[in-house]
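Before any comments, here is the structure.
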Amino acid sequence: MDALPKGDIPHYENGIMYGGNPNYEFLGDPRSIYGWGIWDKGLEITANKFKYPINNGTGMNFSSVIKLVRNNRPVVVWTSIDLVNPFIGKSWIYKPTGEVITWKKYNHAVVVIGYTENSIIISDPINGQIRSMDKQTFINVYNFMGRKALYY
Numbered sequence: 007m008d009a010l011p012k013g014d015i016p017h018y019e020n021g022i023m024y025g026g027n028p029n030y031e032f033l034g035d036p037r038s039i040y041g042w043g044i045w046d047k048g049l050e051i052t053a054n055k056f057k058y059p060i061n062n063g064t065g066m067n068f069s070s071v072i073k074l075v076r077n078n079r080p081v082v083v084w085t086s087i088d089l090v091n092p093f094i095g096k097s098w099i100y101k102p103t104g105e106v107i108t109w110k111k112y113n114h115a116v117v118v119i120g121y122t123e124n125s126i127i128i129s130d131p132i133n134g135q136i137r138s139m140d141k142q143t144f145i146n147v148y149n150f151m152g153r154k155a156l157y158y
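Residues are numbered in my numbering as their position in the sequence shown, beginning at 1, plus a constant of 6.
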């Protein structure tokens, strides 16, 4: 967590919402319940500092994630906290580039470590637990969150 670049959480300045860019930085403090998160590109940059090269599999269908896990390669994927139904949340401007960032509410990354016919088994960094989740719901949320995935 210390190695993650940090950015501003969305905030208003003169009636306009500005914030950091989760493609490059964690928004807020990852140790705080008020921290927002980071996306695949931002985590990829940090992970490459520790073990190079990391593969960005963003865009791959979930059957490709399963194939990697079957070959003993855990995969970080973006889903939602507890598979809560995510939705389009806030949008803001990233000042350095003028880019508009659109946030999907309940953004959360987990590590897929196994599967059964009806379940996906994850390691959840929010509480350090290994959990089993409904496979179809997991896939639906993974797709909605942009099919973001990283693996070694």
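The beta carbon of each residue, even a glycine, is placed where N, CA and C say it ideally should be.
Nearest-angstrom Cα separation, counted from residue j out to residue i
i	j	result
G63	K154	7 Å
Y24	D8	24 Å
G152	N54	21 Å
I60	N29	15 Å
L10	T52	6 Å
L33	N78	31 Å
Y40	G134	19 Å
V106	G65	21 Å
Distance CB(residue i)-CB(residue j) smaller than 8 Å
i	j	result
V71	V118	yes
N4	G13	Nothing can be reported for residue 4: it is not among the residues displayed for the chain, which extend from 7 to 158.
Y158	K57	yes
Residue from the options whose Cα sits closest to the Cα of residue i
i	options	result
T122	G65, M139, K57	M139
T85	G21, L10, Q142	Q142
G21	R79, S69, N67, W98	W98
R137	M151, G120, G152	G120
K111	K57, G134, G95	G95
N113	N78, N67, P36	P36
F68	S125, L10, Q135	S125
Presumed contact (8 Å Cβ cut-off) between residue i and residue j, rounded CB distance
i	j	result
V82	L156	4 Å
### Message
Does the contact criterion of 3 or more C-beta pairs under 8 Å hold for the region 10-17 versus the region 84-91?
### Response
no
### Query
How about the region 136-149 and the region 36-53: do they share at least three Cβ pairs that are nearer than 8 Å?
no
### Task
Assess, as a yes-or-no matter, whether the region 99-107 is touched by the region 118-129 under the definition of 3 or more beta carbon pairs within less than 8 Å.
no
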